[in-house]
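If you use the numbering used here, the sequence shown corresponds to residues 328 to 1051, in order. Heads up, the beta-carbon is just placed ideally off N, CA and C, and yes, glycines get one too. Just so we're clear, the structure is a prediction, and the values are computed from it rather than from any experiment.
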Amino acid sequence: MQNRKTPDAQILKALETAPNMYLVLLPDLYIITASDAYLQATGTTREAIAGKHIFEAFPDNPELPEADGVQNINASLQTVLRTKKPDYMRIQRYDVPDRQHPGEFITRYWDPSHTPVPDENGEIAYIIQLATNVTDKILAERALLKSQQEQGETLAELLHSNTELRETQHHLSLLNAQLEERVARRTRELEESEKRYIEKFNAEQALNEELAASNEEYAAINEELATTNEELIATQQQLQTVYDELAASAERLQLAIESTQLGTWDYNPVSGELYWSHECRDMYGLPAREKVSLGLFSALIHPEDSDWVQRKIAESIDPEQRKRYDLSYRIIRFDNRETRWIKVKGTVYFTGDQATRFIGTVLDISDIKQAEINNARLGAIITSSDDAIVSKTLDSVITSWNAAAERMFGWTADEMIGQTIYKIIPDDRREEEPQIIARLRAGERVEHFETKRLTKDGRLLDVSVTISPIKDSEGHIIGASKIARDITERKQDETRKSDFIGMVSHELKTPLTSLSAILQVAGTKLAQSNDSFLSGAMKKANLQVKRMTNMINGFLNLSRLESAKIVIDAQYFRLDELISEVIDESKLTINSHHIKFDHCPAVEISGDRDKISSVLSNLLGNAVKYSPNGSEIIIRCMVENEQVVVSVSDQGMGIGPEDVKKVFDRYYRVPSNQSKNISGFGIGLYISAEIVRRHGGDIWLESTPGQSSTFYFSLPLQQPLGDK
Ligand code: ADP
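Next up, the structure:
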């Protein structure tokens, strides 16, 4: 009994006090309780029956002649236990013990039903017996039937025993027959009425059964409903999840739209209604209150694009064509009449053959268009350029190759893009590339770098290249652009020119040397003469010859430099002494300026004395040329860091920062009004720089434009001799 479920105390109480007859049984048919009505109808008490087996509490009447009540009730209970379904019985006689007279029974008619109550596992927890006591009705019918039968029997007896009435026997027997017939008829009627009652009762019972069955169906339906409800709740939860996801993705979409400034629109071709998002309005420069109609929309399309755009719209909403709507065109902004480029995409929804909805997006692509236009322009320039324009990555892989590059190097773009630039670098110049890349990585530009490059057919070209870093929008260097100019021709011209200068200078030198010798002799002879004009003229002639010799020496040096024939004829000499000599010599010819030799320690160096002397003369000559008469020129000399530094300072026009480096270039002269009338070829500093560099030294200048210039050159020191 441990695992058995007993009905809830409250239910028991309710059952016990219900006006109907209930008996509550355990599955082993032991009684739990009975309702008050049940106890009353069976004439017993709760204490007397509780805990007893049903058939012990209600034993069978052994004298009952009819079908055994216990058997019927037991059969019904067994059916319930087996099928776990309610069972309804037909009207039964089941006598109850007479409590006043033990051993005797009181006749009872019942119509019991048994209903199982399942536990959570679906097993029967207990059985409820519901019964109606129909004894009174049945007995009343029986009594009536019996009294009518008895009346008939008494009359027949009387008729038989009374001989006096024999005469009338026949008459009476007829009467009797009639009576019998009447009684029989009445009996039949009674029987029929009983039958009808039972039928009626059983019909009601059947109806009840049906009701119970449909109740069961309802229960089943209820259960289904409950399941459906659960499913509904589950579906609703799923829907909620989907809805949440949708909301999240809508939010993401909104963010995406906001970040791209994407406008959206929605047009109903049937009603003509047009919706525009505020991004659209911003793009078109429309104030918020301005109503957007299709007319206004059309009016804002650029006049040159209006016709074809309208045509495209018509094609998209035409059910026969249903063309994709994806256009880029110009609009004129409403507010400032500015022309902008927009990109419009749309999708048309059809209901049957009717376009009912046309929705899409708009994006302002003016910046992209402008970039496209700029790119196209640049592209055209690059394509039509006579200079080879090539771009490459920092790994030296070629990424573009223009038409001029094709012409210059003989390789086509297809052959070169994806290859490395080493394909056109001669073997003996391969180390140039890593150096160039290193400078690019540092963000530097490499300008007018003269080198040699190889063509497809193996020719060597003289090229001047300018290489600039290519930066991305963040400023990171991602590659390089390279512009190469073929200077082979120019190089050849220059060689021819310098060859010619060299030849002419050489030819001029011989007559000039004899002229100088003649002037020297004439000078000595005239020394005794008193002709002051002649001696003066002789001095001037000597001076001019000296200037001419310097000039021609300069040209010779240049041409030797160009043809790499310049030779440094090194010897040890005292630099301080050389400086004094050059100054003394210059003082013979220069009296327009105050030349001061500030200071110089005794210092011996190893070098080409003549060439260092020409460097000094050149710096001194320039200081005179480019500073006003009467101003001071100071020459200094100092020893530091194992080198000697010589400087020549003037108080002249100076040199602007943009020219500070360029003045050492060949043929370069500062383009200014002041220096226009000063003669020169722009080769003096170029040669000086070459000479200094070949000595392992350096040359540079400092200048305040309009005030002063100081040229410096340094030479490696051998051994200082100590101050004089
Ligand atoms: P040249 O003097 O023959 O033109 P250089 O090579 O000696 O050639 O000098 C190059 C240019 O440098 C000069 O044309 C001049 O413009 C500038 N320059 C040289 N020295 C000075 C200086 N001391 N002051 C100002 N400008 C100078």
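- Within the chosen limit of 7 Å, the ligand ADP does not reach the beta carbon of TYR749 with any heavy atom.
- In the displayed model, GLY981 falls within coil according to three-state DSSP, outside both helix and strand.
- Relative to the ligand ADP, even the nearest heavy atom lies 7 Å or more away from the CB of MET875.
- When DSSP states are grouped into helix, strand and coil, TRP603 belongs to the strand group.
- In this structure, the straight-line span from the alpha carbon of LEU846 to that of GLY881 is close to 22 Å.
- If the five residues before and after TYR524 are omitted, its C-beta is found closer than 6 Å to no C-beta atom of its own chain.
- Annotation for LYS852: the continuous alpha helix (DSSP H) segment containing it runs 815 to 853.
- Contact check for LYS798 against LEU788 fails: the beta carbons are separated by 8 Å or more.
- Ranked by Cα distance from THR688, the first of LYS670, ASP903, SER999 is LYS670.
- With fewer than 16 other Cβ atoms from the protein chains shown falling within 10 Å of its own Cβ, TRP635 counts as exposed.
- Counting along the chain, no alpha helix (DSSP H) covers TYR421, and no H or E run does either.
- In this structure, SER718 lies away from SER825, with their beta-carbon atoms at least 8 Å apart.
- Sorting TYR365, PRO354, GLN337 by C-alpha distance to the C-alpha of PRO346 places TYR365 at the top.
- Spanning the alpha carbons of ALA641 and GLU699 requires a straight line of approximately 29 Å.
- Apart from sequence neighbours up to five positions away, the residues of its chain that approach GLN746 with a beta-carbon distance below 6 Å are ILE725, ordered along the chain.
- Per DSSP, GLU969 lies in no alpha helix (DSSP H) and is assigned neither H nor E.
- PRO761 carries a helical assignment under DSSP once its states are collapsed to helix, strand and coil.
- When rounded, the separation of the alpha-carbon atoms in HIS920 and VAL930 is 27 Å.
- In this structure VAL351 touches TYR453 by the C-beta definition: roughly 6 Å separates them, less than 8 Å.
- Put simply, the backbone Cα of VAL972 is about 13 Å away from that of GLY1023.
- Contact annotation: the segment 895 to 912 does not touch the segment 1029 to 1041, with fewer than three C-beta pairs closer than 8 Å.
- The three-state secondary structure of GLY948, taken from DSSP, is helix.
- Shown here, ILE1005 sits in coil according to DSSP, grouped into three states, outside any helix or strand.
- Remark: the shortest separation between the CB of MET980 and any heavy atom of the ligand ADP falls under 7 Å.
- Within a 10 Å sphere around the beta-carbon of PRO646 sit fewer than 16 other beta-carbons, which makes this residue exposed.
- When distances are taken from the beta-carbon of ARG996 to the heavy atoms of the ligand ADP, the shortest one is below 7 Å.
- Taking C-alpha positions only, ASP858 is separated from GLY850 by approximately 12 Å.
- TYR349: member of the beta strand (DSSP E) spanning 348 to 352, first to last residue.
- Judged by beta-carbon spacing, GLN588 lies within the 8 Å limit of ASP691, meaning their Cβ atoms are closer than that value.
- PHE624 counts as buried, since no fewer than 16 other beta carbons sit within 10 angstroms of its beta carbon.
- The residue among ASP363, ILE433, ASN399 with its C-alpha nearest the C-alpha of GLU390 is ILE433.
- With 16 or more other Cβ atoms inside 10 Å of its own Cβ, VAL423 counts as buried.
- DSSP lists PRO445 as the bridge partner or partners of ILE451.
- Counting along the chain, PRO928 sits inside no alpha helix (DSSP H), nor does DSSP assign it H or E at all.
- Between GLU606 and GLY590, the beta carbon gap of about 4 Å places them in contact (Cβ cut-off 8 Å).
- Remark: C-beta atoms of LEU853 and SER862 approach each other more closely than 8 Å.
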